[in-house]
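Engineer: For the sequence shown, the numbering used here assigns the number 366 to the initial residue and increments by one for each residue that follows.
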Amino acid sequence: MKTIQQLEEIRKKTLERINIRKEREGTRVVVGMATCGISAGARPVLKALVEEVNKRGLQHVIVSQTGCIGICEYEPIVEVYRPGEEKVTYVKMTPDKVARVVTEHVVNGKAVTEYTIGGIK
366 MKTIQQLEEI
376 RKKTLERINI
386 RKEREGTRVV
396 VGMATCGISA
406 GARPVLKALV
416 EEVNKRGLQH
426 VIVSQTGCIG
436 ICEYEPIVEV
446 YRPGEEKVTY
456 VKMTPDKVAR
466 VVTEHVVNGK
476 AVTEYTIGGI
486 K
């Protein structure tokens with residue numbers, strides 16, 4: 366059982382995270398985790414994203430999941446939302462591609478176009 370003080374601390378941290386999401390001050394990285402995404406390998410991609418963001422200590426980045434994005438043939442799909450910029454949709458993502466997307470796009474602001482929906486052949 367948690368003490369009232371511990372519960373209040375958990376509540377405070379949760380509210381801070383919710384406020385970050387509402388204000389959209391940081392970068393959001395969203396992984397499609399519907400059945401099609403999971404069967405295509407989205408779980409390892411999500412895990413790699415969370416690990417990479419945590420390893421780098423990126424406080425302004427939120428990694429989250431969503432349901433069906435609607436283009437199942439391109440799963441696993443990762444969408445990156447940076448404040449003041451257009452959404453970028455990465456397709457056929459793998460855990461091996463994650464570090465490059467985080468480094469080049471999330472940290473340095475330059476999309477990795479060959480991994481995007483417009484860059485596939």
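Glycine included, each C-beta is placed from N, C-alpha and C at the ideal position.
Considering only the alpha carbon of each residue, which of K367, E374, G391 lies closest to E450?
Structural biologist: G391
Engineer: Under the assumption that K457 contacts I485 (Cβ atoms under 8 Å), give the Cβ distance between them as a whole number of angstroms.
Structural biologist: 7 Å
Engineer: Could you check the C-alpha separation between S429 and R408 for me, to the nearest Å?
Structural biologist: 12 Å
Engineer: Classify I369: buried if its beta carbon has 16 or more other beta carbons within 10 angstroms, exposed otherwise.
Structural biologist: The residue in question, I369, is exposed, as its Cβ has fewer than 16 Cβ neighbours within 10 Å.
Engineer: Please report the residue range of the alpha helix (DSSP H) in which E417 lies.
Structural biologist: 407-421
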